[in-house]
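Just below is one structure, and these are the notes that go with it.
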Amino acid sequence: GSISWDPRKRLARTEVYTRTGNSPQPDATWSAWSPAQVLADGSPVDNPDGRYAQFRVRFIGSQESGARLGSVTLRYETYNRAPVLVEDPLAEVRAVGPTARLEWKARDPDGDPLEAVLEYRTALSDGWTTQAARGTIPDGGRDAPAVQSGTVEWSTEELPEGLYDVRLAVTDEAANDPAEGRRTRGTIYRVTVDRTAPSIEVGRLPDGRFEIVLSDEVSRVKRLTLLRDGRATARVRSADGVCDSRRERFELALPQAAGAWKVRGEDLAGNAVEAVLPGE
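Residues in the sequence shown are numbered from 48 upward in steps of one, following the working numbering.
As structure tokens, then:
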């Protein structure tokens, strides 16, 4: 930084000294006073970096000179601080289909506009691939909201199905010098990429109820829904009580009501398959 001052009378020599530290009150950890600075239009501040600064002024001349300062200006530049990820959407994601739309929230202590990127790799492999952010990037600056938000779309169309390590990163690099931009990375999550719907088999039990089997090659079965004339009427519980595997069996007694009955099965990534339930 630099320091400058406005000498109201130039009949006396003016010397300005500075020191810096990281505590509100000067103590033994503060720097020594700098050598005398005499250039009123701007003298360099040669002290170590610190959160606080002090200056003192020495006038050299007779008392009759009436030396005084009209103002003192200390110019400085703060270091860029890293953004903080406030809400990581990946915390709730276990599987995705062809496209995942992720909404994030973050804040920047310097008010810089933030951008989010998605980084992924095949599970337990080396090297990360970056998926560029898409969507609106908020403005930064002094009037920036305390919390900024945006979206990242992750397209998996070209990726093999399977397990991936995925993390979200927020960065202020676009608002800073290339050597000073900061990037904050979130937790690494294990996410399944699954674009294929489960298979469905419909049969009859000896007592006349339907037996429905859902199977998925990649992610676990999430649910089975009963449809009447295209509208959901009930969620069918699996035969063992919980959908927690890639193959689930369901038993269903069809309600005594007219209509076109179907079932819709879904996997954890949201891929769905439907089957007609034939009448008697």
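Backbone N, C-alpha and C define an ideal beta-carbon position, used for all residues, glycine too.
Which whole-angstrom value describes the C-beta separation of residue i and residue j, a residue pair presumed to lie in contact below a C-beta threshold of 8 angstroms?
i: Leu149; j: Val217; result: About 12 angstroms; that fails the 8 angstroms criterion.
i: Ile247; j: Val320; result: 5 angstroms
i: Arg330; j: Pro156; result: Residue 330 is absent from the model: the chain starts at 48 and stops at 327.
i: Thr231; j: Arg214; result: Going by Cβ atoms, the distance from Thr231 to Arg214 rounds to 11 angstroms, so no, they are not a contact pair.
i: Thr65; j: Val85; result: About 13 angstroms; that fails the 8 angstroms criterion.
i: Leu299; j: Arg256; result: 6 angstroms
Whose C-beta lies closer than 6 angstroms to the C-beta of residue i among residues of the same chain, with five residues either side of it excluded?
i: Val104; result: Val63
i: Leu315; result: Arg141, Ala142, Ser266, Arg267, Lys269
i: Gly250; result: Glu258
i: Ser196; result: Lys152
Any Cβ of chain B within less than 7 angstroms of the Cβ of residue i?
i: Trp151; result: Of the protein chains in the structure, only one exists, and it is not chain B.
With a threshold of 16 other CB atoms inside 10 Å of the CB of residue i, please say whether the residue is buried or exposed.
i: Gly312; result: buried
i: Arg189; result: Annotation note: pLDDT 48 at Arg189 (below 50); position unreliable, no value reported.
i: Glu295; result: buried
i: Val240; result: buried
i: Asp263; result: buried
i: Leu252; result: exposed
i: Glu139; result: exposed
i: Gln303; result: exposed
i: Glu162; result: buried
i: Ala307; result: exposed
i: Asn318; result: buried
i: Thr71; result: The residue asked about is misnamed: residue 71 is Pro in this sequence, not Thr. When all chains shown are included, Pro71 counts as exposed.
Cutting at 7 angstroms between CB atoms, please list the residues of its own chain near residue i, excluding the five before and the five after it.
i: Pro95; result: Thr67, Ser78
i: Arg55; result: Arg115, Leu116, Gly117
i: Tyr211; result: Tyr167, Arg168, Thr169, Ala170, Val238, Val240
i: Arg193; result: Strictly speaking, residue 193 in this sequence is Ala, with Arg absent from that position. So the list reads Arg154, once near-sequence residues are dropped.
i: Phe297; result: Ile259, Leu271, Val283, Ser285, Ala286
What are the start and end residues of the beta strand (DSSP E) that includes residue i?
i: Ser285; result: Where Ser285 is concerned, there is no enclosing beta strand (DSSP E), given that its DSSP letter is neither H nor E.
i: Arg122; result: 116-122
i: Tyr167; result: 162-169
i: Glu139; result: Glu139 -> no beta strand (DSSP E), and no H or E assigned at all.
Beta-carbon within less than 8 angstroms of residue i's beta-carbon, same chain only, minus the 5 sequence neighbours each way: which residues are those?
i: Arg282; result: Arg270, Leu271, Thr272, Leu273
i: Pro145; result: Ser202, Thr203, Glu204, Arg242
i: Gly209; result: Thr169, Ala170, Thr239, Val240, Val265
i: Thr120; result: Ile50, Ser51, Trp52
i: Leu137; result: Leu149, Val213, Arg214, Leu215, Gly233, Thr234, Tyr236, Val238
Complete beta strand (DSSP E) runs within the stretch 190-272 (minimum length 3 residues, chain order) | For the stretch 190-272, whole beta strand (DSSP E) runs of length 3 or above, ordered along the chain, are 195-202, 209-218, 230-232, 236-240, 246-251, 257-262.
Ordered list of beta strand (DSSP E) runs contained in the stretch 293-321, each at least 3 residues = With a minimum length of 3 residues, the continuous beta strand (DSSP E) runs that stay inside the stretch 293-321 are 294-299, 308-314.
Where in the stretch 59-102 do unbroken runs of the beta strand (DSSP E), each at least 3 residues long, occur, reported from the N-terminal end onward?
-> Those beta strand (DSSP E) runs which fall completely within the stretch 59-102 and span 3+ residues are 60-68.
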